[in-house]
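Participant: Using UniProt numbering, the first residue of the sequence shown is number 1, and each one after it goes up by one.
Each residue gets a CB set at the ideal place from its N, CA and C atoms; glycine is no exception.
As the structure is a computational prediction, the values presented were derived from the model and not from experiment.
I'd like to ask some things about the structure below.
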Amino acid sequence: MTPSEAAQFVTPLFDLHPLMTFKLPCLKMMHHALFGPEGDPVGEVQGVTATAPENGASQSSTETGR
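Here it is in structure tokens:
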């Protein structure tokens, strides 16, 4: 969205409501952008190690039939 397109949406809102009414939503957006969602673990995501594909040498496939 270009700044002129955004101004078409935002300017009428500023004309209808005082600027102070946008303080809380703006702070919430900034908090989410800077700190992420609540409960999000800090640091890098730890991935799961890849498991070897089944190749016929697993215990269940080498057992003799009963």
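Where does H17 sit, in a helix, a strand or coil, going by DSSP?
Facilitator: Three-state DSSP puts H17 in coil, outside helix and strand.
Participant: What does the alpha-carbon distance come out to for the pair G47 and H31?
Facilitator: So the two alpha carbons sit approximately 26 angstroms from each other.
Participant: Please state whether DSSP places E44 in a helix, a strand or coil.
Facilitator: Looking at E44 - three-state DSSP - the assignment turns out to be coil, as it is neither helix nor strand.
Participant: With DSSP as the reference, label E38 as helix, strand or coil.
Facilitator: Note: E38 maps to coil in three-state DSSP.
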